[in-house]
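Everything below concerns the one structure shown next.
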Amino acid sequence: MVKIKTKELLSRLNQKIDSVQNSDEFKKILKTLSKFHNYSYQNSILIRQQNPEATLVAGFKQWQNNFDRHVKKGEKAIAILAPFTYKKTVTEEKEVKGGIKEVEKEVKRMYFRPVYVFDVSQTEGKPLPRIDITVKDSNDKLLLPLKKFLQSKEISLEIKELKRGLKGYSKGGKIVVDKKLNDTEKAGVIVHETAHELLHDKGSRKKMSKEIKEMEAEAAAFIVMEHYGVEIKSDKYLALYKKSYDLNQSLKRISKIASEIIGFLDDYLLNKSSENKKLKEVV
Ligand SMILES: [Zn+2]
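Here it is, written out as structure tokens:
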């Protein structure tokens, strides 16, 4: 696929994201999301290790006070580390006229202590405002060739029931997709996660911001799915992530990966249809 086409699609996507961000519906969601704490990289890892499917986490009391929800009975807490500071008085030697004097000084020290949080899936109560990003099942032919594509890249795929709100995730060599999604939606999620796998290796996953990673992966999914006439609401999804990043900066990366996937799928679908034709001719 030519780069110009990708560029055109990316700027269309950019505009769509902007208009979602300006909508009242979205502003309401932002207000809710702003009440969730941003966890450090280390804590995000701790959360992921204990609950890979966690999406929104908050403390027991915070769920009640800020979101009108409560933690369900018997749910296991996720332990993270929170910094605490305390003041301590230390003695220091200070040079003064005619010698050294001992002075007392107050210093701030920091330590970490485990605190406990819960994922939204472990809570119940007032629904959180959310944007509808469900996708119509309009093209179920992409799933099989995408599976073949993953095989060719030695990325394994697991389709299983994921918790509410989570469509899929990838973790270096493996992609997990929610079983409840329709086949068209699964295809979109697979492209998104494949883009993470191929564009964001372990090192860059650490270095790149969540904003850039999500924008690159979803833009790649948007371009691939557009090619097959499927609308996957990438604008709504990306409205949550876009701050200032200009997708055009990733044009080359997105275009390369989208072309590779589209090339593979087109080949597969074309061969498949000529095989079918041949079959029909034989019959
Ligand atoms: Zn992602």
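Following the working numbering, the numbering of the sequence shown begins with -10 at its first residue and continues without gaps.
We treat Cβ as the ideally placed atom computed from N, Cα and C, and that holds for glycine.
Computed from a predicted model, the values in this text were never measured in an experiment.
Straight-line Cα distance separating Asp57 from Val85:
Along the sequence shown, one-based indexing puts residue 85 at 96. Along the sequence shown, one-based indexing puts residue 57 at 68. Going by the C-alpha atoms only, they are around 60 Å apart.
Once the 5 residues before and after Glu203 are set aside, which same chain residues still bring their CB inside 6 Å of it?
If you number the sequence shown from 1, residue 203 lands on position 214. Result list for Glu203: Tyr230, in chain order.
List the whole-angstrom C-beta distance separating Val106 from Ala47, where the pair is believed to meet the contact cut-off of C-beta under 8 Å.
Stepping through the sequence shown from its first residue, residue 106 is reached at position 117. Stepping through the sequence shown from its first residue, residue 47 is reached at position 58. Their Cβ separation, rounded to whole angstroms, is 6 Å, which keeps Val106 and Ala47 in contact under 8 Å.
On the DSSP bridge list, what partners appear for Gly71?
Sequence index remark: in the sequence shown, residue 71 carries index 82 (1-based). The sequence as given places Ala at residue 71; Gly does not occur at that position. Its beta-bridge partners are Arg102.
With a threshold of 7 Å, establish whether the CB of Glu186 neighbours any heavy atom of ligand 1.
The residue given as residue 186 occupies position 197 in the sequence shown. No - ligand 1 has no heavy atom lying nearer than 7 Å to the Cβ of Glu186.
Can you give me the C-alpha to C-alpha distance between Gly157 and Lys83, rounded to a whole angstrom?
Locating residue 157 in the sequence shown gives position 168, counting from the first residue. Locating residue 83 in the sequence shown gives position 94, counting from the first residue. Their Cα atoms are separated by approximately 59 Å.
What's the gap between the Cα of Asn128 and the Cα of Phe138?
Against the sequence shown, residue 128 aligns to sequence position 139. Against the sequence shown, residue 138 aligns to sequence position 149. When rounded, the distance between both Cα atoms is 17 Å.
Quick test of the definition: if touching needs 3 or more C-beta pairs under 8 Å, does the region 210 to 217 touch the region -7 to 8?
yes
Please confirm whether any heavy atom of ligand 1 lies closer than 7 Å to the CB of His181.
Within the sequence shown, the letter at position 192 stands for residue 181. Yes - ligand 1 has a heavy atom lying nearer than 7 Å to the Cβ of His181.
How do the region 132 to 149 and the region 27 to 43 stand: do at least 3 beta-carbon pairs fall below 8 Å, yes or no?
no
Which whole-angstrom value describes the C-beta separation of Asp126 and Asn171, a residue pair presumed to lie in contact below a C-beta threshold of 8 Å?
Your numbering for residue 126 matches position 137 in the sequence shown. Your numbering for residue 171 matches position 182 in the sequence shown. Yes, they are in contact, since the Cβ atoms of Asp126 and Asn171 sit about 4 Å apart, within 8 Å.
Are there any heavy atoms of ligand 1 lying less than 7 Å away from the beta-carbon of Glu203, as far as the coordinates show?
For the purposes of this step, residue 203 is taken as residue 214 along the sequence shown, with counting starting at 1. Yes, the beta carbon of Glu203 sits closer than 7 Å to at least one heavy atom of ligand 1.
From Ile221 to Val96, what does the alpha carbon distance come to, in whole angstroms?
Taking the first residue of the sequence shown as position 1, residue 221 is located at position 232. Taking the first residue of the sequence shown as position 1, residue 96 is located at position 107. When rounded, the distance between both Cα atoms is 54 Å.
Pop quiz: Glu93 and Thr78 are said to be a contact at Cβ under 8 Å. What is the actual Cβ separation, rounded to whole angstroms?
Counting from one through the sequence shown, the residue named residue 93 turns up at place 104. Counting from one through the sequence shown, the residue named residue 78 turns up at place 89. Sure, about 6 Å apart at Cβ, within 8 Å.
Ile18 and Asp224 - do their beta-carbons sit closer together than 8 Å?
What you label residue 224 is simply residue 235 of the sequence shown in a count that begins at 1. What you label residue 18 is simply residue 29 of the sequence shown in a count that begins at 1. Cβ atoms of Asp224 and Ile18: not closer than 8 Å.
When Gly162, Leu188, Val219, Ile(-7) are compared against Lys130, the one with the closest alpha-carbon
As a position in the sequence shown, residue 130 is number 141, starting the count at 1. Among Gly162, Leu188, Val219, Ile(-7), the Cα nearest to that of Lys130 belongs to Val219.
With distances taken between CB atoms, is the gap from Thr(-5) to Leu240 smaller than 8 Å?
By 1-based counting over the sequence shown, the position of residue -5 is 6. By 1-based counting over the sequence shown, the position of residue 240 is 251. Cβ distance < 8 Å, so Thr(-5) and Leu240 count as in contact.
What I want to know is whether the C-beta of Ala206 ends up closer than 7 Å to one or more non-hydrogen atoms of ligand 1.
Position 217 of the sequence shown, counted from the first residue, corresponds to residue 206. Yes, since a heavy atom of ligand 1 falls inside the 7 Å radius drawn around the Cβ of Ala206.
Report the residue from Lys149, Leu117, Lys195 whose alpha carbon sits nearest the alpha carbon of Lys24.
Within the sequence shown, residue 24 is the residue found at index 35, counting from 1. Looking at the Cα atoms, Leu117 is the closest of the given residues.
Given that a residue counts as buried once 16 or more other Cβ atoms are within 10 Å of its Cβ, and exposed if not, what is Tyr100?
For the purposes of this step, residue 100 is taken as residue 111 along the sequence shown, with counting starting at 1. So Tyr100 counts as exposed.
Runs of 4 residues minimum, wholly inside the region 162 to 247: which ones carry the alpha helix (DSSP H) assignment?
172 to 188, 191 to 196, 199 to 216, 223 to 228
Closest to Val60 by C-alpha separation, out of Leu45, Phe73, Ser159, would be which residue?
Reading the sequence shown from its first residue, position 71 is the one you call residue 60. For Val60, the nearest C-alpha among the options comes from Leu45.
What number of angstroms, rounded off, separates the C-alpha of Ile69 from the C-alpha of Ser262?
Position 80 of the sequence shown holds residue 69. Position 273 of the sequence shown holds residue 262. Rounded to whole angstroms, Ile69 to Ser262 spans 52 Å at the Cα level.
Out of Asn40, Val165, Thr21, Gln10, which one is the CA nearest neighbour of Asn54?
Counted from its first residue, the sequence shown places residue 54 at position 65. For Asn54, the nearest C-alpha among the options comes from Thr21.
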